[in-house]
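With the numbering used here applied, the sequence shown corresponds to residues 278 to 795, in that order. Structure first, then comments.
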Amino acid sequence: MDGEQELIEASLDDAVARRLNLYAYLQASRHPRTYLAIMRLFTSTLLADLSAGEVAAALTAAERDGLVDPGESHVDNVLERLRQLKEWGNLVHGRRETIASSIAEFQHGSMRYQVSKLAVRVQRDVDELLRVPEGAREVSRELLPAIDRGLASLRQALSSAAAADQRGEPAKARKARELLAEHVTTLFLQHGELAATVRDFYAYLGQILTRHHLVPDEISGFRNLLVEYIQLVVEDVLRYTPTIAATLAELRDARGELLRLLRPAEQLGERVERTRGRTEADWNELTDWFVDRPGKPSQVTALRDATTRAIGALLATVKRATTGGGLLPSRRGELLKLAGWFANAEPEQAHAIYASAFGLYSSRNLLPAPEHDGDDEHTPWADGPVVDVSVSVRGRGDRGARGRPSRIMDDPITEQGLLAQARESDKRRAAAAAELVAASDNLSGAELSSDALGALCELLTLAMAQRDSADDAGSATDQVRGLTLTVTPTNGEVTTIRSAGGTLTLRDAKLALAAIDG
Numbered sequence: 278m279d280g281e282q283e284l285i286e287a288s289l290d291d292a293v294a295r296r297l298n299l300y301a302y303l304q305a306s307r308h309p310r311t312y313l314a315i316m317r318l319f320t321s322t323l324l325a326d327l328s329a330g331e332v333a334a335a336l337t338a339a340e341r342d343g344l345v346d347p348g349e350s351h352v353d354n355v356l357e358r359l360r361q362l363k364e365w366g367n368l369v370h371g372r373r374e375t376i377a378s379s380i381a382e383f384q385h386g387s388m389r390y391q392v393s394k395l396a397v398r399v400q401r402d403v404d405e406l407l408r409v410p411e412g413a414r415e416v417s418r419e420l421l422p423a424i425d426r427g428l429a430s431l432r433q434a435l436s437s438a439a440a441a442d443q444r445g446e447p448a449k450a451r452k453a454r455e456l457l458a459e460h461v462t463t464l465f466l467q468h469g470e471l472a473a474t475v476r477d478f479y480a481y482l483g484q485i486l487t488r489h490h491l492v493p494d495e496i497s498g499f500r501n502l503l504v505e506y507i508q509l510v511v512e513d514v515l516r517y518t519p520t521i522a523a524t525l526a527e528l529r530d531a532r533g534e535l536l537r538l539l540r541p542a543e544q545l546g547e548r549v550e551r552t553r554g555r556t557e558a559d560w561n562e563l564t565d566w567f568v569d570r571p572g573k574p575s576q577v578t579a580l581r582d583a584t585t586r587a588i589g590a591l592l593a594t595v596k597r598a599t600t601g602g603g604l605l606p607s608r609r610g611e612l613l614k615l616a617g618w619f620a621n622a623e624p625e626q627a628h629a630i631y632a633s634a635f636g637l638y639s640s641r642n643l644l645p646a647p648e649h650d651g652d653d654e655h656t657p658w659a660d661g662p663v664v665d666v667s668v669s670v671r672g673r674g675d676r677g678a679r680g681r682p683s684r685i686m687d688d689p690i691t692e693q694g695l696l697a698q699a700r701e702s703d704k705r706r707a708a709a710a711a712e713l714v715a716a717s718d719n720l721s722g723a724e725l726s727s728d729a730l731g732a733l734c735e736l737l738t739l740a741m742a743q744r745d746s747a748d749d750a751g752s753a754t755d756q757v758r759g760l761t762l763t764v765t766p767t768n769g770e771v772t773t774i775r776s777a778g779g780t781l782t783l784r785d786a787k788l789a790l791a792a793i794d795g
């Protein structure tokens, strides 16, 4: 049994290797553009059956346009490329007879080639990938109501087909099964397009959120993308998911009857690649996209969680950009200025700028002169004694001391002092919050303490940072103090806030301060 299992695994590995060889022409070390042009030629028409001479004639125009390397349209080179594609499995031998007027023409046209089925898939995916732009892909939200309506129509078509089949009406049963197959195919095509657009959009979103620094224009655009567009996507998904999940649950009991009415395509053989929706696995995949199972959340749940993480990551990026904090401060402006210097500098100036900016000067011998007690004065410094450099300096450029940090001693006096300071800080913060809540109805008529004014200024700064322009309203929430501040642009409105340390005046702005419930 062990030997038989090893043979099965070896055959599976060979099958996988043969399929992966279909991608070899895309990363060929020599003439990859020629292979790509040949594969596009074979996949451009149905049942293409071409000889080396026909391929060479087609490559002549590509060579003239610079799409392939010079000389690649020669028939001898084309023959070699076709044989290589045949070896990789992308092409198979054709069967069409050849009518030739000479022996040379017969030799060039006797061996004809056709493209294999899997190679068509590969080339189709390659062409689609090359056409895809770098930006975000729009999510096909309009397919959600179509899927909802399609499931309802499918349920009715299933009932009609089952009833006609039970009554023994062949004509009506055949027509009902065709309508049922139409609904199933349309449903899975719509769901496949929806799932693909969602995956592509969130892949692009994850790629954006990995960037540590964003310029202000990018921050504004990505904020609109998350707050507005993703909100629409998630709302649509959550709106239609309950009805879709309920219909799928109703169809679960009738799934066996549904698959029986669709019937396998015996006329194409046993190893046929069936249209989606004709197997139990296809329906399980569709159900798992909308319905949660124990230990396996649905894609709708995953979409909602991914949206939450994306919004949190973007808010962290905005905070880092507006406050100037973060582990890695941005050097973008400085690097752009340095790049401008390099772009406008002459070669000699560019070398000087490079040396000054990065400190990469020519090599220097920093060792003291050797003692003149032997032949050392005749020994070049490169051949002299070697100076040991520690691993931390050589590998990381770090001269800091290594080893275990010193033990922290228990200091109860300092601990009690820090706790007392923390309690005092909490008391002052609570008093400032209570003072602001008490004065929220009439900020202009109250006189705030310095702590209350400081808390108000912090909220005001955060609220102003949330606005895109001077005409937008902004709000900020302090979860620690339990306060929410809203700034609303109002022409002619003057808000004056007095405190022991001075007076704060806001023009054309109205403040609204409220306590958080609970």
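For glycine and all other residues, C-beta sits at the position ideal for the given N, C-alpha and C. Since this is a predicted model, take the numbers as computed values, not measurements.
Check	Outcome
How many angstroms separate the CA atom of Leu790 from the CA atom of Leu713?	8 Å
Give every residue of the same chain whose Cβ lies closer than 8 Å to the Cβ of Pro309, excluding the five residues on either side of it in the sequence, and list them in chain order.	Tyr302, Leu303
Should Thr691 go down as buried or exposed, given a rule of 16 or more other Cβ atoms within 10 Å for buried?	exposed
Could you name the residues of the same chain whose beta carbon sits closer than 8 Å to that of Met278, not counting the 5 residues immediately before and after it, in chain order?	At Met278 the pLDDT is 46, less than 50, meaning the model places this residue with poor confidence; the figure from the coordinates comes in the next sentence. Result list for Met278: empty, nothing under 8 Å.
For Arg341, does the count of other Cβ atoms within 10 angstroms reach 16, so buried, or fall short, so exposed?	exposed
Do the stretch 399 to 416 and the stretch 322 to 334 make contact, defined as three or more Cβ pairs closer than 8 Å?	no
I believe Phe478 touches Thr518 by the beta-carbon criterion, under 8 Å. Please report the beta-carbon distance rounded to the nearest angstrom.	The Cβ separation is near 18 Å, so there is no contact.
Leaving out five residues on either side along the sequence, give the residues of the same chain with a beta carbon under 6 Å from the beta carbon of Val293.	none
Given that a residue counts as buried once 16 or more other Cβ atoms are within 10 Å of its Cβ, and exposed if not, what is Leu256?	Residue 256 falls outside the range modelled here, since the chain spans only 278 to 795, and no answer is possible.
Quick test of your reading: Thr311 and Arg358, contact by CB under 8 Å. State the CB separation rounded to the nearest angstrom.	6 Å
With DSSP as the reference, identify every bridge partner of Ala786, one or two as the case may be.	Pro766
Quick one: Cα of Asp650 to Cα of Ala634, how far?	Here Asp650 scores only 46 on pLDDT, less than 50, and its place in the model should not be relied on; the value that follows carries that caveat. Using only the alpha carbons, I get a separation of about 42 Å.
Do you know offhand how far Thr763's Cα is from Asp755's?	12 Å
In the DSSP assignment, find the alpha helix (DSSP H) that holds Asp565 and state where it starts and stops.	557 to 567
Specify whether the stretch 427 to 434 and the stretch 451 to 459 touch according to this definition: at least 3 beta carbon pairs, one from each stretch, less than 8 Å apart.	yes
Can you tell me whether Trp618 is buried or exposed? The criterion is at least 16 other CB atoms within 10 Å of its CB, across all chains shown.	exposed
Under 6 Å Cβ to Cβ from Pro606, same chain only, skipping five residues before and after it: list those, please.	Residue placement at Pro606 is poorly supported in this model, since its pLDDT is 48, which falls under 50; the coordinates still yield a value, given next. The answer is none, since no qualifying residue turns up.
Thr773 and Ser727 - do their beta-carbons sit closer together than 8 Å?	no
With a CB to CB cut of under 6 Å and the five nearest residues on each side skipped, what residues in its chain are close to Ala740?	Gly751, Ser752, Ala753, Leu762, Val764
Using a beta-carbon distance below 8 Å, is Ala429 in contact with chain D?	Structure shown: chain D not included; a single protein chain is present.
Could you have a look at Ser727 and say whether DSSP puts it in helix, strand or coil?	helix
Which same chain residues end up closer than 8 Å to Val757 when comparing Cβ atoms and leaving out the 5 residues on each side of it in sequence?	Arg706
Excluding the five sequence neighbours on either side, which residues of its own chain have a C-beta within less than 6 Å of the C-beta of Gln391, listed in chain order?	Asp326, Val369, Gly371
When burial is assigned at 16 or more other CB atoms within 10 Å of the CB, is Asn367 buried or exposed?	buried
Quick check on the burial criterion: 16 or more other C-beta atoms within 10 angstroms. Buried or exposed for Gly636?	exposed
If we ignore side chains and look at the alpha-carbon of each, how far apart do Arg586 and Leu421 end up?	23 Å
What would DSSP say about Gly603, mapped onto helix, strand or coil?	Confidence in Gly603 is poor, its pLDDT being 45 and thus under 50, which makes the residue's placement too unreliable to answer from.
Apart from the five residues just before and just after Arg553, which ones in its own chain have a Cβ nearer than 6 Å to its Cβ?	Phe465, Asp559
Quick one: what does DSSP say Thr322 is sitting in, helix, strand or coil?	coil
Who are the near neighbours of Arg414 in its chain, counting only those whose CB is closer than 8 Å to its CB and skipping five residues on each side?	Thr474, Asp477, Phe478, Tyr481
Looking at the structure shown, is Gly751 part of a helix, part of a strand, or coil, going by DSSP?	strand
Checking 8 Å against the spacing of the C-beta atoms, do Asp745 and Pro766 come in under that value?	no
On a CA-only basis, which of Leu509, Thr524, Ala448, Pro347 is nearest Gly427? Give me that one, please.	Thr524
How long is the line joining the alpha carbons of Ala439 and Ile521, rounded to whole angstroms?	22 Å
According to DSSP, is Gly651 part of a helix, a strand, or is it coil?	In this prediction, Gly651 scores a pLDDT of 48, lower than 50, which makes its location untrustworthy; the coordinate-derived value is nonetheless stated afterwards. Correct three-state label for Gly651: coil.
If you check the beta carbons only, do Leu539 and Val461 fall under 8 Å apart?	yes
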